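When you number the sequence shown by our numbering, it's gap-free, plus one each residue, and the end is 1148. Ideal Cβ positions, reconstructed from N, Cα and C, are used throughout, including at glycine. Model, not experiment: these values are computed from the prediction.
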Amino acid sequence: MRIFHDTVHTVNLGDYIREQVDAWSQEMPDPEAWTSRRLCTRSTFVADDNGILAGFGELER
């Protein structure tokens, strides 16, 4: 959740306006709601660099 939120609010500001990034992730999401919503509709892939989260991607099912 943190990497998604931080990416939306830092990297994506180079390509989108504040209103768009706020619509995607205005504040840190509730962990339970985030997990249940994502697990039902997406497959998530995580990049691990020697125990450090390096990134992630999602594909809709």
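Taken through DSSP and simplified to helix, strand or coil, R1124 comes out as helix.
Scanning its chain for C-beta atoms nearer than 6 Å, with the 5 sequence neighbours on each side dropped, one finds around S1112 the residues H1092 and V1095, in chain order. Distances from the alpha-carbon of R1089 to those of A1141, L1146 and R1148 put A1141 closest. Taking 8 Å as the upper bound for CB-CB distance, S1123 and R1148 are not in contact here, some 15 Å apart. According to the DSSP secondary-structure assignment, V1133 is paired through a beta bridge with F1143.
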